[in-house]
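Q: Note that the sequence shown covers residues 4 to 570 in my numbering. Cβ coordinates follow ideal geometry from the N, Cα and C atoms, glycine included.
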Amino acid sequence: MSNVAKAAESTLYHLSPKGFWKKFRAVAAVNSEISTGLPLPSIHRFPPPASRPEKYSTPATKASDPAQNPYWKRDVRRAYPQLSVVTQSELSALLIEHSAAQAVAAPSSEKKDVPAEPPAAVDLSVAISSITQSRKLYTPTSLPPTLPTSRTLWTPQVTVEAVDVVVTNIHLMSAPPSYAAGLSAAALAEAFGKDERIYLERTTNTWRYEEADGTEMEYDAAKGKWLPLVDEDLLKRQQAAYSVSGVDEETPAAPVLARENKKRKEPEDYTSATPQAGPSTKRGKKETERKSKNTAVYVTGLPVDADLEEIVDRFSKCGVLEEDDDGEPKVKMYAQDDGSFSGEALVVYFKEDSVFLAERMLDDAELRIGDPSTVMRVAKADFTHKTTGGNGQGGESKPRKTVDKKKTSRRIVKMQKHAKLAEWDEEDGFGPSLDDDELAAAAAAKNSRVVVLKHMFTLKALEEDASLLLDLKEDVREECSTLGEVTNVVLYDKEPDGIMTVKFRDPLGAQACVVKMNGRFFDGLRVEASLYSGKQRFKRSGAGDEGDGDERERLDSFAAWLLSEND
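1) For R540 and L360, I'd like the C-alpha separation in whole angstroms.
2) I'd like the list of long-range same chain contacts for T209, defined as Cβ closer than 7 angstroms, with 5 residues on each side in sequence excluded.
3) Per DSSP, what kind of secondary structure is S187 in: helix, strand or coil?
4) What residue does the alpha helix (DSSP H) around S533 start on, and which one ends it?
5) Is it the case that the Cβ atoms of L528 and V517 are separated by a distance below 8 angstroms?
6) Taking contact to mean at least 3 C-beta pairs separated by less than 8 angstroms, is the stretch 331 to 343 in contact with the stretch 299 to 314?
7) Here's the rule: buried if 16 or more other CB atoms are within 10 angstroms of the residue's CB, otherwise exposed. What is P231?
8) Have a look at R508, A513, D500, D356 and flag the residue whose alpha-carbon is nearest the alpha-carbon of R543.
9) Taking F359 as part of the alpha helix (DSSP H), name the residues at either end of that continuous run.
10) Taking the CB atoms as reference points, tell me whether L486 and A532 lie closer together than 8 angstroms.
11) From which residue to which residue does the beta strand (DSSP E) around V517 run?
12) Measuring alpha carbon to alpha carbon, tell me which of R523, E362, E467, E214 ends up nearest P375.
13) Could you pull out every residue in the same chain whose Cβ sits closer than 8 angstroms to the Cβ of S560, ignoring the five residues on either side in sequence?
14) So, are the CB atoms of E355 and T298 less than 8 angstroms apart?
15) Have a look at F460 and D526 and give me their C-alpha separation to the nearest angstrom.
16) Rounded to the nearest angstrom, what separates S295 and D328 at their Cα positions?
17) Please list the segments of the beta strand (DSSP E) lying wholly inside the stretch 449 to 478, counting only runs of 3 or more residues, in order along the chain.
18) Leaving out the 5 sequence neighbours to the left and right, which residues in its chain are closer than 8 angstroms to S451 when beta-carbon positions are compared?
19) Taking buried to mean at least 16 other C-beta atoms within 10 Å of its own C-beta, is G322 buried or exposed?
20) Residues in the same chain with beta-carbon distance under 7 angstroms from T274, minus the five sequence neighbours each way, listed in chain order, please.
21) Shortest alpha-carbon distance to A382 belongs to which of E362, I372, E312?
22) I need the DSSP call for P20, collapsed to helix, strand or coil.
23) Spatial neighbours of R371 within its chain, please: C-beta separation below 7 angstroms, excluding the five flanking residues on both sides.
24) Under the rule that 16 or more other beta-carbon atoms within 10 Å means buried, what is E556, buried or exposed?
25) What does the alpha-carbon distance come out to for the pair Y337 and M503?
26) Ends of the alpha helix (DSSP H) at L311?
27) Less than 6 angstroms between C-beta atoms, sequence neighbours within five positions excluded: which residues of the same chain meet that for K497?
28) Taking Cβ positions, are F507 and V489 nearer each other than 8 angstroms?
Structural data, given as structure tokens:
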């Protein structure tokens with residue numbers, strides 16, 4: 004009788020429809036035999052695993068097979084046991100069962116058996132606490148006794164030949180003793196001469212020995228250790244494997260070459276009787292003398308009737324001037340042979356950065372603003388003639404004057420407490436020192452990159468000439484570009500004071516613009532320049548604060564100007 008795989012009867016696992024609905028199901032369902040019906044309460048899966056071993060031409064879908072069992076071939080070979088549930092009361096009874104009373108059988112028929120009383124049900128926490136307090140609790144230090152039967156451990160049987168081989172290998176692989184550390188050459192020879200494995204290498208005069216695997220060891224007398232001997236051929240092969248084409252491994256690194264070239268270029272005086280100083284052993288100190296800072300500017304082209312106060316007032320705009328011992332500004336006015344002023348002067352600043360600002364702002368500028376006859380030239384002072392002996396051939400320099408350090412330090416402290424240093428900082432872009440009435444605003448805007456220019460135009464002039472707006476912005480940008488990089492120029496045509504703002508790339512350009520533009524005359528108006536403090540608000544067209552009527556009026560006036568230009 005052959006085994007034929009038969010499909011399980013579908014009506015055994017669900018309520019099958021009858022009559023019209025059976026025919027409708029056979030037509031509408033993907034597979035009428037595996038389509039879902041109403042499952043019976045006792046069946047949890049339909050179809051059961053391995054009930055339909057044949058393959059269908061129509062694959063099962065989620066709509067036709069709610070079981071979704073892709074492992075039916077595996078499940079048919081497995082027998083899943085029914086899960087059991089253990090409650091806490093059962094677990095607690097199981098834990099304390101060892102302490103329950105045991106049943107006792109009667110010794111004779113005349114006496115009765117003593118039944119065992121079952122333990123009362125307790126909570127799981129109570130059972131655990133009772134077990135931990137029990138004396139029979141086994142711990143790593145309290146273990147049950149071992150079995151009374153004695154057992155012998157199995158040991159492998161080793162032949163005599165095997166023992167000799169093992170001992171020989173251990174003898175060859177063991178390192179020689181290192182107790183000879185710090186001994187003299189004679190003591191080392193006596194200590195190592197007793198060991199047959201150790202020999203003296205005559206070329207290097209070092210003690211060596213070779214292990215069983217071929218590794219050659221060399222004794223380091225300083226460390227008292229045996230170290231593996233470096234094979235030169237192996238080292239060269241490794242270097243060749245990791246070498247980079249085009250790079251000479253023998254060439255020293257760039258810093259080493261720089262030091263060697265510096266030492267090679269230094270001339271040695273073999274004729275001098277005085278010994279040359281050796282290289283400095285202190286780190287961070289330079290052998291050459293530190294170059295002093297130059298904080299002075301040389302001015303030419305000054306009018307002959309210029310006085311000291313006028314020069315001090317003009318040049319103090321670029322920084323704080325150095326003071327002498329008497330507290331006066333350090334400005335030297337040169338005289339001619341007849342005693343009259345020659346038009347040249349030396350101005351000394353407190354900081355070296357003021358020299359750069361004075362060269363940039365006051366060179367080819369007017370000492371008296373508005374007077375073209377007072378144009379002066381400003382350059383950084385050159386004191387090389389003092390060290391070259393006047394002829395430029397490196398003559399003997401004059402001995403330096405003795406400086407009173409206490410007096411100099413007092414003068415520097417006094418200058419640092421000066422009021423003009425209140426807004427002078429290393430972070431403010433070396434800005435100019437302003438007047439007392441502008442000091443409060445400048446302190447808040449010392450890092451500002453925006454310059455506010457007042458009285459640059461009048462509203463009447465803008466109404467008469469519509470092209471003045473573009474021309475004025477272009478002229479201001481071109482003029483201010485000589486002081487620094489300009490990023491934006493804005494004209495506020497709703498301000499009666501004729502305000503324009505110029506934005507620079509850095510604060511230094513903005514402060515230079517204030518020095519140059521403040522007090523100048525433009526189209527008959529005296530310009531007022533100041534740094535933007537961040538609190539001023541100005542009005543202009545197109546900023547959203549004007550009505551439709553104002554916009555229409557402005558456009559009409561601009562159209563009329565265009566028509567007049569075309570005529």
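A: Well, looking at it:
1) As a position in the sequence shown, residue 540 is number 537, starting the count at 1. As a position in the sequence shown, residue 360 is number 357, starting the count at 1. Looking at the two C-alpha atoms, the distance is approximately 30 angstroms.
2) Along the sequence shown, one-based indexing puts residue 209 at 206. For T209, where only same-chain residues beyond five positions count, the Cβ hits under 7 angstroms are E221, Y222.
3) The residue you call residue 187 lines up with position 184 of the sequence shown. If DSSP states are grouped into helix, strand and coil, S187 belongs with coil.
4) Counting from one through the sequence shown, the residue named residue 533 turns up at place 530. Premise fails: S533 lies in the beta strand (DSSP E), 531 to 534, not in any alpha helix (DSSP H).
5) Locating residue 528 in the sequence shown gives position 525, counting from the first residue. Locating residue 517 in the sequence shown gives position 514, counting from the first residue. Contact: no.
6) yes
7) For the purposes of this step, residue 231 is taken as the residue at position 228 of the sequence shown. Counting Cβ neighbours within 10 Å, P231 comes out exposed, since fewer than 16 surround it.
8) Position 540 of the sequence shown, counted from the first residue, corresponds to residue 543. For the residues R508, A513, D500, D356, the minimum Cα distance to R543 belongs to D500.
9) Translated into positions along the sequence shown, residue 359 becomes position 356. Start and end: 356 to 365.
10) The count along the sequence shown starts at 1 and reaches residue 486 at position 483. The count along the sequence shown starts at 1 and reaches residue 532 at position 529. Their beta carbons are not under 8 angstroms apart, which means L486 does not touch A532 by this criterion.
11) Taking the sequence shown and counting its residues from 1, the one referred to as residue 517 is at position 514. Looking at the DSSP string, V517 is not in any beta strand (DSSP E); the run it does join, the alpha helix (DSSP H), is 510 to 520.
12) Here the question's residue 375 lines up with position 372 in the sequence shown. The shortest C-alpha separation from P375 is found at R523.
13) Here residue 560 refers to the residue found at position 557 of the sequence shown. So the qualifying residues of the chain are E466, A469.
14) Here residue 355 refers to the residue found at position 352 when the sequence shown is read from its first residue. Here residue 298 refers to the residue found at position 295 when the sequence shown is read from its first residue. Yes, the Cβ-Cβ distance between E355 and T298 is below 8 angstroms.
15) The residue you call residue 460 lines up with position 457 of the sequence shown. The residue you call residue 526 lines up with position 523 of the sequence shown. Computed Cα separation, rounded: 8 angstroms.
16) Stepping through the sequence shown from its first residue, residue 295 is reached at position 292. Stepping through the sequence shown from its first residue, residue 328 is reached at position 325. Cα to Cα, S295 sits roughly 20 angstroms from D328.
17) 453 to 457
18) Position 448 of the sequence shown holds residue 451. So the qualifying residues of the chain are P510, A513, L534, Y535, S536, G537.
19) Translated into the one-based positions of the sequence shown, residue 322 becomes position 319. Buried, since its Cβ has 16 or more Cβ neighbours within 10 Å.
20) By 1-based counting over the sequence shown, the position of residue 274 is 271. Residue placement at T274 is flagged as unreliable, the pLDDT there being 46, under the threshold of 50; a coordinate-derived value is accordingly withheld.
21) On the sequence shown, position 379 is the one that residue 382 refers to. When each option's Cα is compared against that of A382, the closest is E362.
22) Position 17 of the sequence shown, counting from 1, holds the residue named residue 20. It is coil, neither helix nor strand.
23) Taking the sequence shown and counting its residues from 1, the one referred to as residue 371 is at position 368. T377, listed in sequence order.
24) Counting from 1 along the sequence shown, the entry for residue 556 is found at position 553. Exposed is the call here.
25) Your numbering for residue 337 matches position 334 in the sequence shown. Your numbering for residue 503 matches position 500 in the sequence shown. Y337 and M503: Cα-Cα distance of roughly 42 angstroms.
26) Taking the sequence shown and counting its residues from 1, the one referred to as residue 311 is at position 308. Note, L311: alpha helix (DSSP H), 311 to 318.
27) Numbered from 1 along the sequence shown, position 494 holds the residue referred to as residue 497. Hits under 6 angstroms: K542, R543.
28) The sequence position of residue 507 within the sequence shown is 504, counting from 1. The sequence position of residue 489 within the sequence shown is 486, counting from 1. Cβ distance < 8 angstroms, so F507 and V489 count as in contact.
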